[in-house]
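Engineer: After the structure tokens below, expect a handful of questions from me.
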Amino acid sequence: MIAETVCSAVSAAGLGIAAVTAFRRRFLAATRIAAYSLVPIGLVMTGVVGWLADTAFSPTAWAGFGLLGCAWVLFATTRAVERRRGGTRKERRAAARAAEGGAVAPTASAPSLGPPTRPSGRPASRPAGTSRGEDDFSDIEAILKKHGI
Numbered sequence: 002m003i004a005e006t007v008c009s010a011v012s013a014a015g016l017g018i019a020a021v022t023a024f025r026r027r028f029l030a031a032t033r034i035a036a037y038s039l040v041p042i043g044l045v046m047t048g049v050v051g052w053l054a055d056t057a058f059s060p061t062a063w064a065g066f067g068l069l070g071c072a073w074v075l076f077a078t079t080r081a082v083e084r085r086r087g088g089t090r091k092e093r094r095a096a097a098r099a100a101e102g103g104a105v106a107p108t109a110s111a112p113s114l115g116p117p118t119r120p121s122g123r124p125a126s127r128p129a130g131t132s133r134g135e136d137d138f139s140d141i142e143a144i145l146k147k148h149g150i
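Take the position in the sequence shown, starting the count at 1, then add 1; the result is the number in my numbering.
Structure below.
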């Protein structure tokens, strides 16, 4: 009884605000406000509000909500475990096929499309007579040269 009264009051207030908005010649906004304000009274007339009121005080309904929450936690847990393992079975199969196809190793520093520029993966040797401050810049210069910058 109280819920129906509150919904009716909300709808009446919304329709009043829509009328004021239409008076200000903002017809599109007024129509939208009127549509929103008709929803609560429509819910009362269809019986949804009464059903919600009955559900809110039903222990069986709360047990059902608890089971739905438990199901959601189980789904979320399996999804997290699936992400840690590397995705779904289809994604793992695609990754295995890509590994067989001679893909670039994760630790490779140069693409495997052409011959390597240096046979070893070690950085270029440093000049013997440099101080520590210049040593840092030479590393940066070597990295920039390696990437063609």
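Using N, Cα and C, we set each Cβ at its ideal position, and we do this for glycine too.
State the start and end residues of the unbroken alpha helix (DSSP H) segment that holds S9.
Structural biologist: Position 8 of the sequence shown holds residue 9. That run of the alpha helix (DSSP H) goes I3 to F24.
Engineer: Looking at chain C, is there any beta carbon in it that lies within less than 8 Å of the beta carbon of A13?
Structural biologist: The question asks about chain C, but that chain is absent: this structure has only one protein chain.
Engineer: Could you compute how far the alpha carbon of G67 sits from the alpha carbon of G149?
Structural biologist: On the sequence shown, residue 67 is found 66 positions in, with the first residue counted as 1. On the sequence shown, residue 149 is found 148 positions in, with the first residue counted as 1. Whole-angstrom Cα-Cα distance: 60 Å.
Engineer: To the nearest angstrom, how far is the alpha carbon of G156 from that of G15?
Structural biologist: This structure leaves residue 156 out entirely; the chain is present only between 2 and 150.
Engineer: By the DSSP assignment, the alpha helix (DSSP H) with I150 in it spans what residues?
Structural biologist: Taking the sequence shown and counting its residues from 1, one reaches residue 150 at position 149. Per DSSP, I150 belongs to no alpha helix (DSSP H) and is neither H nor E.
Engineer: Alpha carbon to alpha carbon, how far is E92 from R98? Give it in angstroms, no decimals.
Structural biologist: Taking the first residue of the sequence shown as position 1, residue 98 is located at position 97. Taking the first residue of the sequence shown as position 1, residue 92 is located at position 91. Going from the Cα of R98 to the Cα of E92 covers about 10 Å.
Engineer: Can you tell me which of the three DSSP states I144 falls into?
Structural biologist: Position 143 of the sequence shown, counted from the start, is the residue given in the question as residue 144. I144: helix per DSSP, three-state reduction.
Engineer: Between which two residues does the alpha helix (DSSP H) carrying A94 extend?
Structural biologist: As a working mapping, residue 94 is identified with position 93 in the sequence shown. Checking the sequence, you will find Arg at residue 94 rather than Ala. Residues R90 to E101.
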